[in-house]
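Inspection log for the structure reproduced underneath, given as structure tokens.
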Amino acid sequence: MHATGAAVQTAQFDVIRHSHERSATFGLFEAMRPDYAVLSGAELAVRLAQSRTLFAHALPVMETLYAQIANTHSMIALTDASGLILHSLGDDDFLARAEKVALRAGAVWSEEHQGTNAIGTTIAERTAVTVHGDQHYLRANRFLTCSSVPILDPHGNLFGVLDVTGDRRGYHQHTMALVKMSGQMIENRLIASAFDEKLCIRFHSRPEFIGTLMEGIAVFDLDGRLLSANRSAQFQLGLELGRLRTQTLEALFGESADALIARAGEPPSRLDLHSGVGVFASVEFHARAAAGAGHVATAPVVGGRSSSSLAELCTGDARMQDVVARVRKVIGKNIPILIGGETGAGKEMLARAIHRDSPRHAGPFVAVNCASLPETLIESELFGYTQGAFTGAAKRGAVGRIAQANGGTLFLDEIGDMPLAMQSRLLRVLQERVVEPLGAARAVPVDFMLVCASNRKLRERVAEGAFREDLYYRINGLSVTLPPLAGRTDLHAVVDKMLRDECFAGRPIGIDDQVLALFARHPWPGNFRQLSNVLRTACAMLDEHDTHLRVEHLPHDFLDELGEGIEARPAPLLTGCARLVDIESSAVAAALKAHGGNVSATARELGVSRTTVYRKLRGQAPSDFASVPGAGKAPL
Numbered sequence: 001m002h003a004t005g006a007a008v009q010t011a012q013f014d015v016i017r018h019s020h021e022r023s024a025t026f027g028l029f030e031a032m033r034p035d036y037a038v039l040s041g042a043e044l045a046v047r048l049a050q051s052r053t054l055f056a057h058a059l060p061v062m063e064t065l066y067a068q069i070a071n072t073h074s075m076i077a078l079t080d081a082s083g084l085i086l087h088s089l090g091d092d093d094f095l096a097r098a099e100k101v102a103l104r105a106g107a108v109w110s111e112e113h114q115g116t117n118a119i120g121t122t123i124a125e126r127t128a129v130t131v132h133g134d135q136h137y138l139r140a141n142r143f144l145t146c147s148s149v150p151i152l153d154p155h156g157n158l159f160g161v162l163d164v165t166g167d168r169r170g171y172h173q174h175t176m177a178l179v180k181m182s183g184q185m186i187e188n189r190l191i192a193s194a195f196d197e198k199l200c201i202r203f204h205s206r207p208e209f210i211g212t213l214m215e216g217i218a219v220f221d222l223d224g225r226l227l228s229a230n231r232s233a234q235f236q237l238g239l240e241l242g243r244l245r246t247q248t249l250e251a252l253f254g255e256s257a258d259a260l261i262a263r264a265g266e267p268p269s270r271l272d273l274h275s276g277v278g279v280f281a282s283v284e285f286h287a288r289a290a291a292g293a294g295h296v297a298t299a300p301v302v303g304g305r306s307s308s309s310l311a312e313l314c315t316g317d318a319r320m321q322d323v324v325a326r327v328r329k330v331i332g333k334n335i336p337i338l339i340g341g342e343t344g345a346g347k348e349m350l351a352r353a354i355h356r357d358s359p360r361h362a363g364p365f366v367a368v369n370c371a372s373l374p375e376t377l378i379e380s381e382l383f384g385y386t387q388g389a390f391t392g393a394a395k396r397g398a399v400g401r402i403a404q405a406n407g408g409t410l411f412l413d414e415i416g417d418m419p420l421a422m423q424s425r426l427l428r429v430l431q432e433r434v435v436e437p438l439g440a441a442r443a444v445p446v447d448f449m450l451v452c453a454s455n456r457k458l459r460e461r462v463a464e465g466a467f468r469e470d471l472y473y474r475i476n477g478l479s480v481t482l483p484p485l486a487g488r489t490d491l492h493a494v495v496d497k498m499l500r501d502e503c504f505a506g507r508p509i510g511i512d513d514q515v516l517a518l519f520a521r522h523p524w525p526g527n528f529r530q531l532s533n534v535l536r537t538a539c540a541m542l543d544e545h546d547t548h549l550r551v552e553h554l555p556h557d558f559l560d561e562l563g564e565g566i567e568a569r570p571a572p573l574l575t576g577c578a579r580l581v582d583i584e585s586s587a588v589a590a591a592l593k594a595h596g597g598n599v600s601a602t603a604r605e606l607g608v609s610r611t612t613v614y615r616k617l618r619g620q621a622p623s624d625f626a627s628v629p630g631a632g633k634a635p636l
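Under full-length UniProt numbering, the sequence shown has 299 at position 299, and the numbering climbs by one with no breaks.
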């Protein structure tokens with residue numbers, strides 16, 4: 001074993017050992033029944049309201065992460081800093097098992113309550129932790145394998161924990177890498193939204209990494225004092241956040257605040273760090289801008305379009321070009337836009353591009369997923385509330401998402417899933433252009449551009465009585481439908497762009513023709529979201545010397561969907577000119593024999609799904625598996 005690997009393993013052992021020691025001091029013992037207490041709906045609603053910032057920024061990242069791990073008998077959980085689970089989502093079969101040990105919203109998974117577990121131990125150690133099977137302190141939890149990372153707020157304080165938990169038999173080493181990436185995305189989102197007035201520097205030694213997860217983000221006030229920096233910035237600058245706060249902008253980057261403000265919105269240019277290392281940096285300047293009703297909007301002073309502008313959404317597909325051309329004609333004319341299309345087809349990406357190309361691009365872009373907000377919170381989330389509006393309300397009240405969009409763009413995603421009661425209130429807002437927070441004595445004027453999206457057919461929802469007809473006609477000014485990924489003619493260009501913009505492999509990566517051919521055959525039911533996840537996971541599988549994505553880098557479940565699972569993986573070495581189908585049969589038969597005919601164990605060893613093994617069993621002659629015990633019996 002390499003020295004580095006041995007050190008990591010020793011550190012992990014020490015973390016688990018220390019956690020077991022703490023668990024014993026809490027008065028826990030291995031055979032005891034875990035604490036299954038769960039907060040009531042009202043109590044949970046109060047705690048969710050207290051963690052609204054964390055919840056709002058974590059939710060879209062959780063949904064993206066779930067798309068990567070779906071159908072793996074696992075779940076994702078978000079907790080606050082105390083270990084209280086705020087929200088979870090996952091596979092239905094595993095969620096049912098998880099609920100038996102209170103692994104659901106409203107339960108507390110600190111070490112004091114549950115002993116050694118990834119969530120509680122992450123809180124105690126303030127570091128990423130995997131707890132696998134028997135490493136759990138309580139026997140009742142040993143059927144689990146859990147990977148958790150701490151989420152820090154922009155000031156470096158523990159804000160919450162992101163966790164992926166599954167059946168211990170489905171453990172994958174790459175799960176922790178995905179959880180770490182997702183946690184870093186949440187932290188970056190928190191930093192980007194934390195300060196009303198700021199100078200933000202995004203930097204990396206290679207310009208193509210600006211705008212990706214690899215970029216450093218350092219935020220300063222207008223006097224050059226550091227407000228916050230993400231993990232990548234701390235690494236590149238060689239200082240932890242506490243020490244960075246003692247440094248000035250000029251000391252770290254060799255430029256004054258005024259000089260950098262003058263470069264805001266320009267293409268990335270060269271800066272020299274205090275260490276002498278040269279980096280490329282993109283500068284954004286955000287200043288306070290009056291937005292009505294006492295709301296402070298954060299807006300870049302210098303325009304500059306990002307890579308998500310309407311022009312850059314056109315990569316060669318005629319239908320997409322038609323959508324963009326139609327949208328351009330109504331921007332700035334106070335006409336609401338309704339975007340249709342399958343889940344993952346890029347509706348929010350189009351909405352953000354519309355905002356950036358609109359006269360309101362200096363104002364806020366506020367996105368609300370109407371299907372994801374808990375029903376107990378949707379009213380306060382959308383409309384806000386005043387001090388004392390309900391038990392547990394924040395002392396100063398809270399500005400709702402609609403008022404936050406004042407002066408900018410309000411994007412209501414999955415509006416077809418909005419409860420009917422909320423539809424009535426939203427209709428009044430759109431008709432009268434005022435919003436009335438809960439507990440308020442008067443309404444507050446609002447002004448925003450409205451963009452809505454739905455993967456449902458809203459006319460059918462109207463006919464079913466699930467969506468108000470008058471609201472439908474109020475939001476349906478211009479209606480456009482995004483083409484699904486499988487039907488686009490510019491797939492190659494889309495893949496190249498996503499590799500540049502979204503794949504965090506650490507270097508420029510090409511893609512083999514064989515992989516492109518597989519992509520062209522795939523139905524892509526998850527559209528761009530699925531493609532992004534496939535590329536991101538494949539990039540994580542690259543070795544240091546790899547320059548191209550090849551078939552062996554692709555996720556196994558993706559290959560299984562195409563029937564390429566076993567063909568794409570190394571088979572046992574056979575002499576002579578064996579047919580590929582014979583190699584497959586040999587690989588399956590050998591694995592089945594080694595596992596006594598156990599299909600589940602065979603699938604895990606080969607890295608394929610049980611369905612693939614069954615398909616190979618059905619497709620071959622019985623003689624091929626005659627020596628395999630149990631191979632002719634019912635599937636295991």
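We treat Cβ as the ideally placed atom computed from N, Cα and C, and that holds for glycine.
Cβ neighbours of Phe558 within its own chain (closer than 6 Å, five residues either side excluded): Val534. In this structure, the CA atom of Asp80 is about 18 Å from the CA atom of Glu63. Here Leu313 is near Leu350, since their CB atoms are less than 8 Å apart.
Under DSSP, Gly216 forms a beta bridge with Phe203. Between Ile76 and Ser88, the C-beta spacing is below 8 Å. Every alpha helix (DSSP H) of 4 residues or more that sits fully in the stretch 339–386 is shown, in chain order, as 347–356, 378–383.
For His274, no beta strand (DSSP E) encloses it, and the DSSP letter there is neither H nor E.
DSSP places Gly526 in no beta strand (DSSP E); its state is neither H nor E.
The residue from Leu382, Leu260, His355, Val161 with its alpha-carbon nearest to that of Lys198 is Leu260.
DSSP places Met62 in the helix class (H, G or I) of the three-state scheme. Take Cys452, set aside five residues on each side of it, and the residues of its chain with a beta-carbon closer than 6 Å to its own are Leu338, Leu412, Ile415, Ile475, in chain order. Scanning Leu65, Asn117, Phe280 for the CA closest to the CA of His174 turns up Leu65. A residue is called buried when at least 16 other Cβ atoms come within 10 angstroms of its Cβ; Gly224 meets this threshold and is buried. Following the DSSP letters along the chain, one finds Ala453 inside the beta strand (DSSP E) bounded by residues 449–454. Of the residues Arg169, Asp163, Glu208, Gly384, the one whose Cα lies closest to the Cα of Ile186 is Asp163. Here the stretch 249–265 lies against the stretch 274–282, with 3 or more beta-carbon pairs under 8 Å apart.
Straight-line measurement puts the Cα of Met422 at about 11 Å from the Cα of Phe467.
Burial of Ala118 is indicated by the presence of at least 16 other C-beta atoms within 10 angstroms of its C-beta.
Ser182 is the residue among Asp91, Lys457, Gly106, Ser182 whose C-alpha sits nearest the C-alpha of Ala128. Sixteen is the threshold: since fewer than 16 other Cβ atoms of the shown chains lie within 10 Å of the Cβ of Glu240, the residue is exposed. Within the DSSP bridge table, the entry for Ile337 names Val451, Leu478 as partners.
The continuous stretches of alpha helix (DSSP H) do not include Gly332, and DSSP gives it neither H nor E.
Here His113 is near Asp35, since their CB atoms are less than 8 Å apart. Under the three-state reduction of DSSP, Cys146 is assigned to strand. Counted as a single uninterrupted DSSP element, the stretch harbouring Met75 is not any alpha helix (DSSP H) but the beta strand (DSSP E) occupying residues 74–80. For Thr127, no alpha helix (DSSP H) segment is defined, and its DSSP state is neither H nor E. When DSSP states are grouped into helix, strand and coil, Thr165 belongs to the strand group. For Arg536, the closest C-alpha among the options His545, Asp496, Leu158 is that of Asp496.
Going by C-alpha positions, Arg442 is about 55 Å away from Tyr171. For Leu410, the enclosing beta strand (DSSP E) begins and ends at 409–413.
Listed in chain order, the non-local C-beta contacts of Phe519 below 7 Å within the same chain comprise Leu491, Val495, local neighbours out to five positions each way being set aside.
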